[in-house]
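Enquirer: Read top to bottom, the protein sequences are chains A, B and C.
With my numbering applied, the first sequence has no gaps in its numbers, which climb one by one up to 418 at the end.
With my numbering applied, the second sequence has no gaps in its numbers, which climb one by one up to 1483 at the end.
With my numbering applied, the third sequence has no gaps in its numbers, which climb one by one up to 2114 at the end.
Okay, handing you the structure first.
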Amino acid sequence: MREYDAIVIGGGSAGLAAAISLHKEGVQDILLLERDQELGGILNQCIHNGFGLKVFKEELTGPEYAERYVNEFLERNIPYKTKSMVIKMNKDRIVEYANEEEGFVQVKAKAIILTTGCYERNAGAIALPGQRPSGIITAGSAQKYLNMDGCLVGKKVFILGSGDIGLIMARRMTLEGAEVLGVAEVMPYSGGLKRNIVQCLEDYDIPLYLSHTVTEIIGEDHLQQIVLQEVKDFVPVEGTEKVFDVDTLLLSIGLIPEQSLAEQIGIALDKKTRGPIVDESYQTSVEGFFACGNALHVHDLVDFVSKESTQAGKAVAKYLRKTSKSEHAIQTIATKGVSYIVPQKIHTDYDEKHIDLFFRVDNVYTNKDIVLSSNNQVIKRYKRKHLAPAEMEKIVLPTSVLQNLQGDLQVALEVRES
Amino acid sequence: MYDVIIIGSGISGACIARECAKYQMKTLVLEKNMDVASETTLANSAIIHAGHDPKPGTLKAKFNILGSRMYEQMSKELDIPYWRSGGMVVATSKEEIHHIEELYQRGLENGLSKEEISILDQEEIRKIEPNISDDVLKALYLPTTAITYPMEAAIANLENAMDNGVDLQTNAEVTSIDKEEGIFKVHTNQGDFQTKIVVNAAGLYAEKISDMVVENYFTITPRRGEYLVLDKDVDLVNHVIYPVPSKKGKGILATPQYHGNVLLGPTSEFVNFSQSKTTSSKGLNDIKENIKKSVKNIPFHKVIRTFAGSRPTPSTKDFIIEETSVKGFINVAGIESPGLSAAPAYAIYVVEELILGKHSFKKNDDFNPYRKKVHRLNELSISEKNKLFKSDQGYGQIICRCEQVSKGEIIDAIHRSAGARTVVGVKHRTRAGAGRCQSGFCQSLVAKILAEELNIPLEEVKYQGQHSKIVSGKTKGEDCERI
Amino acid sequence: MKTLTCIACPIGCTLEVDIHDNYKVTGNQCKKGAEFGRKELKNPTRTITSTVKILGGKYARIPVKTSDEVPKEKIFEVMKALNQISLKSPVQINQVVLKNVAQTGVDIITTRSM
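Okay, structure coming up:
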């Protein structure tokens, strides 16, 4: 069986950045496996702009951003296979993939990086009541049909969920000739960027219904109508039903890290992120398995995906060189106002100067402090003017701060009045 | 001119068609939907009941045990999923214990042996079912309870019937039936068909069909059941867990499925025909509340799908399997639970007693009881998969990531007899799209394969029903400009 | 005083623009915001990203964008022009596929090669 130094599963933004980073660090024996017909991942269908402001200091469309990483990847001649689906892996780091040329192949690696991206939450998962006709589709799937196949999934559209994908598709469908009747959001605030509310909804007079949700699907073969209802504390309010005649309901109700492979070998998953629990090297709870990008936790900006994955690549290169590791690790604990932190564990012999801590808050906040403390003693404070669940935050923590921690092995982030 | 026309391609029509194929009967199955077995057979608990439950002396009791004992053999011949999970009826009070003791006696009376029915105590229950609720005191244990995949069971019977000479016409809704000089003329929206014998196996619509020929003597009312489907990695129950039954039916169960999911449900509620497949937030909440009585530690956040179907509940409270006052017109109606379990048995009864009792047909010596093996790659070893791959490269292209279904399997499902014509049809034959992402990744790929194999444009590919297109049309056309 | 959200970058600052004081902008965190506030009220513009038909390529459509912002009121006129285009593969990234779309002085360029 062919053994590699590293196998990267997924050739989207995360996989490309991780592989390039590994290669830069001198690791040559890499194999990247991508299930689609080309590299680039989800960016290939994200034809709108807003990508690259942090990494390239320019505003690029998804395909432009992807092409830069794909070009660098190809220039480095890193071995890869497309149209190849990884279907199994085990704790001995044997990976089974399949494609039309080779059939089913097993390969082994010293390190495996899971950059499998994420999948969209769907109607079944939210138990949408009513019938089950055609015409109900996730926004990402509709985006693929539209931007790659040139097919409109419908002409009279309603969108459930005000996350960025839903907002982008509201504009996109309108430009291509559909009528978008509205966007419903169950929370009292939008899940997407403010700029998208303006340039995707307000520009086209598409109403946004906050604190509303779809409570019934009507239509036998094909969708005919949806019922929109106001909600209070997530409970539909009687008497507020509004019926819309539509042929399409786009769902933009959340993204979930794609980790069925991780589940095959019992990699520990974080209940909040639904991705693996990792340490500062992006290593999961199973030796030799790493994760980064949307497969680790869902990002809003691909720039952060690239940065995180570049770090992960460096860390994996180090892992391949190192022989021993400290067992002593501290946990990062998300408390008041914070939903989760990645990485969830930091080994105290971490020798880089800084460590990136990514986190999300659980509500919209203005003028707050992010407080790091341990053993009830405040270590550091960071000021933030505006925080929202839809906007992932990053703190660059000097590692020296972690060296002198006594007793309590917890680093907590709190959102407190400033 | 046909000898037998069977109206309905659910589990009843399918099993009867296969029995007809064993004789030299020219047989036609008429199905009003685009795909077969898409109504009650599609949406139920998939359980082959042991036979403890029906009232002794009824047709339900007679055919339940006979039928369920035939499944193992049938599953081997027709390559149908069959898993003897076992089941238990749990009692949470003294009154309920009394009830299961009555069921025990009833089971014996219906013909179950002492190895097939027994009572377990608290310790014994928890050894084999750790997630049973703390309130459960005793259980009626039924080791012969089994799980199948009902739509596949129906498809397999139909496919085998067709491979042995039976005809199938889908998209054919029966509009009226005349009888003239001993011949029935069955009018459909696909044309008229003539036959000597009509078997009405039309499920929810059996009353409607019967009334076309005979004076009304029963009613069929849709009794809807809603379900929650849990993801595959949920390790909740090992057996079918039944609560103590009530007048409303068997109650809300926790049922492990053949492919690893768990079904919670069904509810039981009389509804209009237009509501027969509709889920409701009340119904789904009822499931959550009631199932807690029997099972604990239920991961409700792992629900991946909900669905509903309706039993065709008869006013007679028992199966209606008989030749009517109109000679040659046979009703197979009111097939609610334990219909799935009983079907192989009453299918034989319909053909060998009701049909052959009055008409003579020679045996079909060329009848082949086996259908071509269905390749399910996710059940094979890597060398078995590569063997298949050598015969067809399409087996190496994985289309559905969640269920690991290859292009080769999908193409096979389209081209077999009673093959898939729709996206949901592919799902039910191959599992592509039945996983946790619910076809988010694979739907467009499956639709493209259907378009290619059926030689139709992508815009014509259907989701499930005749009017259920996947995409409305191409962009950059004349109708794509906003005014 | 007009309140609006800046869309120049993903932050989305809330701007206050005083139309009686030479369109002075407050609330912005950068220069782009000041420019945006003024322009949005005087002559709002947008970048359009879309796709055009392509034959012989990997997909049926190739993504494109306007090389610069165009007046907001011309969005659908630009879309109409895009719907007339049909390209033939191979096409390079950043290739001009239509000059001066809808008399805006702005070009349509591809955002990937295919």
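Glycine included, each C-beta is placed from N, C-alpha and C at the ideal position.
Alpha carbon to alpha carbon, what distance is there between residue 390 (chain A) and residue 376 (chain A)?
Expert: Here residue 376 (chain A) corresponds to residue number 376 of the first sequence, with the count starting at 1. Here residue 390 (chain A) corresponds to residue number 390 of the first sequence, with the count starting at 1. Cα-Cα distance, rounded: 29 Å.
Enquirer: Note down, one range per segment and in chain order, each alpha helix (DSSP H) of at least 4 residues found wholly within the region 1314 to 1372 of chain B.
Expert: List check, alpha helix (DSSP H) in window: 1339 to 1349.
Enquirer: Can you tell which of A:299, A:175, A:160, A:276 has the C-alpha that lies nearest to the C-alpha of residue 230 (chain A)?
Expert: In the first sequence, the residue the question calls residue 230 (chain A) occupies position 230. Checked all of A:299, A:175, A:160, A:276; the closest Cα to residue 230 (chain A) is A:160.
Enquirer: So, do the region 98 to 115 of chain A and the region 224 to 242 of chain A have three or more beta carbon pairs nearer to each other than 8 Å?
Expert: No: the two stretches stay apart, fewer than three of their Cβ pairs being nearer than 8 Å.
Enquirer: So, do the region 157 to 173 of chain A and the region 261 to 272 of chain A have three or more beta carbon pairs nearer to each other than 8 Å?
Expert: Touching, no, given that fewer than three Cβ pairs across the two stretches are closer than 8 Å.
Enquirer: Going by DSSP, which residues form a beta bridge with residue 1308 (chain B)?
Expert: Indexing the second sequence from 1 puts residue 1308 (chain B) at position 308. According to DSSP, residue 1308 (chain B) bridges with B:1226.
Enquirer: Would residue 1284 (chain B) pass as a contact of residue 1230 (chain B) if the rule is Cβ separation under 8 Å?
Expert: Looking up residue 1284 (chain B) in the second sequence gives position 284. Looking up residue 1230 (chain B) in the second sequence gives position 230. Taking 8 Å as the Cβ cut-off, residue 1284 (chain B) and residue 1230 (chain B) do not qualify as a contacting pair.
Enquirer: Give a yes or no on whether 8 Å exceeds the smallest Cβ distance from residue 2117 (chain C) to chain A.
Expert: This structure gives no information on residue 2117 (chain C), because the portion of chain C shown stretches from 2001 to 2114.
Enquirer: Only counting runs of 3 or more residues, tell me where the beta strand (DSSP E) segments fall wholly within the region 1234 to 1280 of chain B, in order along the chain.
Expert: Listed in chain order, the complete beta strand (DSSP E) runs (minimum 3 residues) inside the region 1234 to 1280 of chain B are 1240 to 1242, 1253 to 1256, 1262 to 1265.
Enquirer: Among A:41, A:93, A:219, which residue has its Cα nearest to the Cα of residue 1465 (chain B)?
Expert: Mapped onto the second sequence, residue 1465 (chain B) falls at position 465. Residue A:219 is the option with its Cα nearest to residue 1465 (chain B).
Enquirer: Is the CB-CB distance between residue 288 (chain A) and residue 111 (chain A) below 8 Å?
Expert: Reading the first sequence from its first residue, position 288 is the one you call residue 288 (chain A). Reading the first sequence from its first residue, position 111 is the one you call residue 111 (chain A). Cβ atoms of residue 288 (chain A) and residue 111 (chain A): closer than 8 Å.
Enquirer: Name, going along the chain, the residues of the region 2053 to 2072 of chain C whose beta-carbon falls closer than 9 Å to a beta-carbon of chain B.
Expert: Those would be 2053, 2060, 2061, in chain order.
Enquirer: Let me know if residue 2055 (chain C) comes out buried or exposed under the rule of 16 or more other beta-carbons within 10 Å of its beta-carbon.
Expert: As a working mapping, residue 2055 (chain C) is identified with position 55 in the third sequence. So residue 2055 (chain C) ends up on the exposed side.
Enquirer: For residue 1046 (chain B), which residues from the same chain have a beta carbon less than 8 Å from its beta carbon, with the 5 sequence-adjacent residues on both sides left out?
Expert: Position 46 of the second sequence, counting from 1, holds the residue named residue 1046 (chain B). Result list for residue 1046 (chain B): 1147, 1148, 1149, 1150, 1255, 1257, 1258, 1263, 1340, in chain order.
Enquirer: Nearest to residue 344 (chain A) by CA position, among A:362, A:361, A:272, is which residue?
Expert: Here the question's residue 344 (chain A) lines up with position 344 in the first sequence. That would be A:272, whose Cα lies nearest to the Cα of residue 344 (chain A).
Enquirer: In three-state terms, what does DSSP make of residue 1189 (chain B)?
Expert: Indexing the second sequence from 1 puts residue 1189 (chain B) at position 189. DSSP places residue 1189 (chain B) in strand when its eight states are reduced to three.
Enquirer: Using a Cβ distance threshold of 8 Å, determine whether the region 1235 to 1244 of chain B contacts the region 1287 to 1299 of chain B, with at least three qualifying pairs required.
Expert: Contact holds: three or more Cβ-Cβ distances are below 8 Å.
Enquirer: Might you give, ordered along the chain, the residues of its own chain that have their beta carbon closer than 6 Å to the beta carbon of residue 2024 (chain C), omitting 5 neighbours on each side?
Expert: Along the third sequence, one-based indexing puts residue 2024 (chain C) at 24. Closer than 6 Å at the Cβ level, and outside the excluded window around residue 2024 (chain C), lie 2018.
Enquirer: Going by beta-carbon coordinates alone, are residue 2070 (chain C) and residue 2038 (chain C) separated by less than 8 Å?
Expert: Residue numbering aside, residue 2070 (chain C) sits at position 70 when the third sequence is read from its first letter. Residue numbering aside, residue 2038 (chain C) sits at position 38 when the third sequence is read from its first letter. Contact flag unset, no.
Enquirer: Taking residue 347 (chain A) as the reference, which of A:358, A:100, A:108, A:283 has the closest Cα?
Expert: Walking along the first sequence from the start, residue 347 (chain A) turns up at place 347. The candidate whose alpha carbon is nearest that of residue 347 (chain A) is A:283.
Enquirer: Between which two residues does the alpha helix (DSSP H) harbouring residue 1102 (chain B) extend?
Expert: Indexing the second sequence from 1 puts residue 1102 (chain B) at position 102. Element bounds for residue 1102 (chain B): 1094 to 1110.
Enquirer: Helix, strand or coil for residue 1015 (chain B), going by three-state DSSP, please let me know.
Expert: Here residue 1015 (chain B) refers to the residue found at position 15 when the second sequence is read from its first residue. Reduced to three states, the DSSP call for residue 1015 (chain B) is helix.
Enquirer: Looking at the C-beta of residue 1397 (chain B), does it have a partner C-beta in chain C at a distance below 8 Å?
Expert: Residue numbering aside, residue 1397 (chain B) sits at position 397 when the second sequence is read from its first letter. Taking Cβ atoms only, chain C never reaches closer than 8 Å to residue 1397 (chain B), which makes this a no.
Enquirer: Within 8 Å (strictly less), CB to CB, does residue 1476 (chain B) reach chain C?
Expert: For the purposes of this step, residue 1476 (chain B) is taken as residue 476 along the second sequence, with counting starting at 1. Chain C contact via Cβ: present.
Enquirer: Residues in the same chain with beta-carbon distance under 7 Å from residue 1378 (chain B), minus the five sequence neighbours each way, listed in chain order, please.
Expert: Here residue 1378 (chain B) refers to the residue found at position 378 of the second sequence. 1403, 1404, listed in sequence order.
Enquirer: Check each candidate in B:1398, B:1176, B:1437, B:1052 and name the one with the smallest Cα separation from residue 1105 (chain B).
Expert: Along the second sequence, one-based indexing puts residue 1105 (chain B) at 105. Ranking the options by Cα distance to residue 1105 (chain B), first place goes to B:1052.
Enquirer: If you draw a straight line from the alpha carbon of residue 1013 (chain B) to that of residue 1152 (chain B), how long is it in whole angstroms?
Expert: By one-based count along the second sequence, residue 1013 (chain B) stands at place 13. By one-based count along the second sequence, residue 1152 (chain B) stands at place 152. Answer to the nearest angstrom: the Cα atoms are 14 Å apart.
Enquirer: Hey, is residue 1480 (chain B)'s beta-carbon within less than 8 Å of any beta-carbon in chain C?
Expert: Residue numbering aside, residue 1480 (chain B) sits at position 480 when the second sequence is read from its first letter. Because the pLDDT at residue 1480 (chain B) is just 42, under 50, the model does not fix this residue reliably, and the point stays unresolved.
Enquirer: If you follow the alpha helix (DSSP H) that residue 28 (chain A) is in, where does it begin and where does it stop?
Expert: As a first step, residue 28 (chain A) is located in the first sequence; it is residue number 28 there, counting from the start. Element bounds for residue 28 (chain A): n/a, residue is neither H nor E.
Enquirer: Just verifying my parser: in three-state terms, what is the DSSP assignment at residue 1300 (chain B)?
Expert: Counted from its first residue, the second sequence places residue 1300 (chain B) at position 300. Residue state, collapsed to three classes: helix.
Enquirer: Going by the beta-carbon positions, is the gap between residue 2115 (chain C) and residue 2102 (chain C) smaller than 8 Å?
Expert: Nothing can be reported for residue 2115 (chain C): it is not among the residues displayed for chain C, which extend from 2001 to 2114.
Enquirer: By DSSP's criteria, residue 2046 (chain C) is part of a beta bridge. Which residues make up the other side?
Expert: Here residue 2046 (chain C) refers to the residue found at position 46 of the third sequence. DSSP lists C:2070 as partners of residue 2046 (chain C).
Enquirer: Return the CA-CA distance between residue 179 (chain A) and residue 2075 (chain C), expressed in angstroms with no decimal places.
Expert: Taking the first residue of the first sequence as 1, we reach residue 179 (chain A) at position 179. Taking the first residue of the third sequence as 1, we reach residue 2075 (chain C) at position 75. In a straight line, the C-alpha of residue 179 (chain A) is about 16 Å away from that of residue 2075 (chain C).
Enquirer: Quickly, what does DSSP pair residue 80 (chain A) with across the bridge? List them, please.
Expert: Translated into the one-based positions of the first sequence, residue 80 (chain A) becomes position 80. Beta-bridge pairing links residue 80 (chain A) to A:32.
Enquirer: Run through chain C and tell me which residues come within less than 7 Å of residue 194 (chain A), C-beta to C-beta.
Expert: Locating residue 194 (chain A) in the first sequence gives position 194, counting from the first residue. Chain C residues near residue 194 (chain A): 2005, 2012.
Enquirer: Considering only the beta carbon of each residue, do residue 1202 (chain B) and residue 1007 (chain B) sit closer than 8 Å?
Expert: The residue labelled residue 1202 (chain B) in the question sits at position 202 within the second sequence. The residue labelled residue 1007 (chain B) in the question sits at position 7 within the second sequence. For residue 1202 (chain B) and residue 1007 (chain B), yes; Cβs fall inside 8 Å.
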